[in-house]
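In the numbering used here, the protein residues as written are 14 to 875.
Glycine included, every Cβ here is placed at the ideal spot set by N, Cα and C.
Here the structure is a predicted model, which means the values were calculated and not measured.
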């Protein structure tokens, strides 16, 4: 009977907690003063412009009629371009799509393609050719284009409209290159590049010092499919990555300073050369001439790009509070930091592994952070003698990002997509297991020759019947179409552990990892058979265990291995960035002319021939405009990481051995739940932190779950790739913030002798980690003052048990000379709600424990 009573009481207490917490949290959030929640929601800055509209805006209506003499009018007149984001830009990527074009020539780029570049320029009509970053193509790509179409070079006579600048009295000396010593009479011409600081560069050497093929963001050629559409991810570069353009740097205006805007310039190319002759008259059969030449430039479409400021965000002299933690929350913290600085503290975030974060939270070393953002709780065995409080701060997901161009045979069912970027991909757990175990010969040095298992397997995932069954659009892909492996991050993390949990929970993937063949006869690479991948629950990294060494025919070759051919990424962010750049950094190409000789990278994959896959976090994928694969969950559903699928997964998470912390149940068949959902917690070592640290931690948590949960592209908001927290999770975080900033609560939870004295925040320290640190206030993601933003922060004082709210004013001068904002008292209603939360949250935790205790007694016969 006692066990039944406990179950009933536990269920009742839990029900009471759910009702109180849900209602109180909703009312608490809705009752925040307007000034404290006046965070901009972020406007949709996508822009669509047709070629005709662009020409009209430039005052070139003569170029849009037959009478204007534009031989490529038929190719351009129906073109329309859409840029996914044009405001609040960082060093990121935007998606550029178009429709109404003509199909690009097959294989090469002979005609009807699109060229894109980033430019600076202060004129309202847009930039001049001199202000554009262009002319540093990869060798592999430039070989597929016509003469000078990928360069800044000009040839006198090729473009009659350009000749006045190159010859006669009006010739511009800046366009004339210095002749070589061996031919002093040679006359060669090039459009110079003028940096934002006025520096002029036109020689090959001077230009390469500013940007080259590995740093430029120009899109040399983008393909249009048979249906007239196309798509490309365009990397936007702020002045931190491209100082020569100055985008986002402070610029003087009539009213003060503002971040410099820049331009995206799109130049469509048709079927005619610059002099109006058809491409068929050139020796190569391809159009020729630089897009910077007058005739090609006249056909441009310009789109203004507004950048977030890159100037310093936090006031010099602010005390710093050091935080550590995992990568999935990094993008959010980077966005929040400028707003947090307005509270008087600079929060520096060091990205380290989850295990190292958990160790540092309970470390006895002076200077260790007492708050770490983790994706799983600390082991209770390591927290004896102290109290760890948890506050959920971010919901995100781990994804498989991809950058794939369709390469199909003419008789393929989806042949009309040939050359287009794929936007839809489905992967199940077994396919991911195959990629992670180098079970396709294409992922093994020497293509697995000599290994009977690998030789019997499909050469790559594109030839795997299982992949084609899930992705029928890839039916009859060309034989040379395959990914450069699955890019993964180095080191240990809870994200990696989550991937393996998903694989082990899937019966088909588990069987494959145990050594069984799939229905088509494919087996795991034998090199992984001793790792117990199907049963090892402690695995939290991605081992690469195939030690095969391969070499070519040169007798001097030393041989290359897996880590040369399929190298690790430093972190998931790098994996996403390399996916965008189509550069897996594989070094398996022998260079006999190097000093010393060695294996080098062949550079980025050529547009139209890209096939990149990487395991990364959803925020990094969103930042770089990457498509992400649908993953098959335990319920058999193929789901993308949407707001609904992530919310469903979090709602279904199971309680852990640590009260207040939940985790994904990989085997649970939850409808609509994305399988690799992550819930990140701020874990605070209450008893080891000083009063000042606890106060700062509380401010951080309150902002993160308050204004920091408003989705948008502005600073201080929740970046794309995250899903706002539910009212229940928000209430839990608010309760944690209140507890750690209330002295009476801290004293009650910690032995008096262990309570640390009040102290200033510790200076940043360097800790050893399995992953490279990335400190938020030093990243190029934008950290300017929020004086021109309406972002606001709500906080409660750690010294007043009644609590006060501190709101960041919209007016940058509202804080007064001291840089602080006036305090306003919480209303009695909100104080009552806080009190209700104080009862509701413990009930929410205690209820399930009592019910579980009752069921356990029943099993024991009690």
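May I ask which residues mark the beginning and end of the alpha helix (DSSP H) holding residue i?
| i | result |
| --- | --- |
| residue 591 | 585–594 |
| residue 512 | 507–518 |
| residue 310 | 307–310 |
| residue 64 | 64–70 |
| residue 87 | 86–89 |
| residue 279 | Premise fails: residue 279 lies in the beta strand (DSSP E), 275–282, not in any alpha helix (DSSP H). |
| residue 716 | 704–718 |
| residue 555 | Here residue 555 belongs to no alpha helix (DSSP H), and DSSP marks it neither H nor E. |
| residue 659 | 656–664 |
| residue 466 | 465–469 |
| residue 578 | 575–578 |
Using beta-carbon positions only, say whether residue i and residue j come within less than 9 Å of one another.
| i | j | result |
| --- | --- | --- |
| residue 691 | residue 341 | yes |
| residue 645 | residue 561 | no |
| residue 735 | residue 414 | no |
| residue 106 | residue 270 | no |
| residue 884 | residue 695 | Any property of residue 884 remains undetermined from this structure, which presents the chain solely from 14 to 875. |
| residue 283 | residue 111 | no |
| residue 316 | residue 278 | yes |
| residue 13 | residue 700 | Residue 13 falls outside the range modelled here, since the chain spans only 14 to 875, and no answer is possible. |
| residue 321 | residue 101 | yes |
| residue 714 | residue 406 | yes |
| residue 189 | residue 619 | no |
| residue 410 | residue 382 | no |
| residue 428 | residue 487 | no |
| residue 171 | residue 302 | yes |
| residue 453 | residue 478 | no |
| residue 92 | residue 281 | yes |
| residue 108 | residue 245 | yes |
| residue 490 | residue 573 | no |
| residue 450 | residue 642 | no |
| residue 142 | residue 276 | no |
| residue 417 | residue 594 | no |
| residue 121 | residue 255 | no |
| residue 557 | residue 526 | no |
| residue 220 | residue 123 | no |
| residue 339 | residue 506 | yes |
| residue 307 | residue 178 | yes |
| residue 552 | residue 496 | no |
Could you give the first and the last residue of the continuous beta strand (DSSP E) run that contains residue i?
| i | result |
| --- | --- |
| residue 407 | 401–417 |
| residue 384 | 384–387 |
| residue 320 | No beta strand (DSSP E) contains residue 320, which DSSP labels as neither H nor E. |
| residue 749 | Careful: residue 749 lies outside any beta strand (DSSP E), inside the alpha helix (DSSP H) at 740–753. |
| residue 94 | 93–96 |
| residue 130 | 126–132 |
| residue 110 | 105–112 |
| residue 447 | Segment 442–449 is the alpha helix (DSSP H) holding residue 447; no beta strand (DSSP E) there. |
Say the cut is 8 Å; is the CB of residue i nearer than that to a heavy atom of the ligand GDP?
| i | result |
| --- | --- |
| residue 565 | Looking for the ligand GDP in the displayed structure turns up nothing, as the structure carries no ligands at all. |
For residue i and residue j, which I take to be in contact (beta-carbon distance under 8 Å), what is that distance rounded to the nearest angstrom?
| i | j | result |
| --- | --- | --- |
| residue 498 | residue 393 | Going by Cβ atoms, the distance from residue 498 to residue 393 rounds to 39 Å, so no, they are not a contact pair. |
| residue 116 | residue 237 | 6 Å |
| residue 208 | residue 257 | 4 Å |
| residue 582 | residue 503 | 7 Å |
| residue 589 | residue 544 | In fact, because the Cβ distance is near 27 Å, the residues do not count as touching under 8 Å. |
| residue 155 | residue 233 | 7 Å |
| residue 97 | residue 125 | Not confirmed; about 23 Å, so no contact. |
| residue 635 | residue 733 | 4 Å |
| residue 712 | residue 217 | The pair is not a contact, with the Cβ atoms about 53 Å apart (cut-off 8 Å). |
| residue 570 | residue 533 | Actually they do not touch by this definition, with Cβ atoms about 35 Å apart. |
Checklist entry - Could you give the uninterrupted runs of the beta strand (DSSP E) lying entirely in the segment 330–382, keeping only those of 3 residues or more? => result For the segment 330–382, whole beta strand (DSSP E) runs of length 3 or above, ordered along the chain, are 333–338, 359–364.
Checklist entry - Of all the alpha helix (DSSP H) runs that stay within the bounds of the segment 172–260, which reach a length of 4 or more residues? => result 176–179, 217–223, all fully within the segment 172–260.
Next on the checklist: Is it the case that the segment 384–393 contacts the segment 358–374, given that we only count it when at least three CB pairs across the two stretches are under 8 Å?
Outcome noted: Cβ pair count under 8 Å is three or more, so yes.
Item to check | Completely contained alpha helix (DSSP H) runs for the segment 605–647, where each covers 4 or more residues | outcome: Counting only runs of 4 or more, we get 631–636.
Checklist entry - Quick one: any contact between the segment 652–661 and the segment 424–436, if contact means 3 or more CB pairs under 8 Å? => result At 8 Å Cβ cutoff, the stretches do not touch.
Checklist entry - Is it a yes or a no for the segment 628–642 touching the segment 126–138, going by three-plus beta-carbon pairs under 8 Å? => result Pairwise C-beta distances place the segment 628–642 out of contact with the segment 126–138, as fewer than three of them are shorter than 8 Å.
Next on the checklist: Using a Cβ distance threshold of 8 Å, determine whether the segment 295–309 contacts the segment 329–338, with at least three qualifying pairs required.
Outcome noted: Too few Cβ pairs lie closer than 8 Å, so no.
Next on the checklist: Can you confirm whether the segment 112–123 touches the segment 256–274 when touching is taken to mean that 3 or more C-beta pairs between the two stretches lie within less than 8 Å?
Outcome noted: Contact between the segment 256–274 and the segment 112–123 is absent, because fewer than three Cβ pairs lie under 8 Å.
Item to check | Touch test, the segment 195–208 against the segment 156–170, Cβ-Cβ under 8 Å, three pairs minimum | outcome: In short, these stretches touch, since the Cβ pair count reaches three.
Next on the checklist: Is it the case that the segment 511–518 contacts the segment 674–684, given that we only count it when at least three CB pairs across the two stretches are under 8 Å?
Outcome noted: Yes: the two stretches touch, three or more of their Cβ pairs being nearer than 8 Å.
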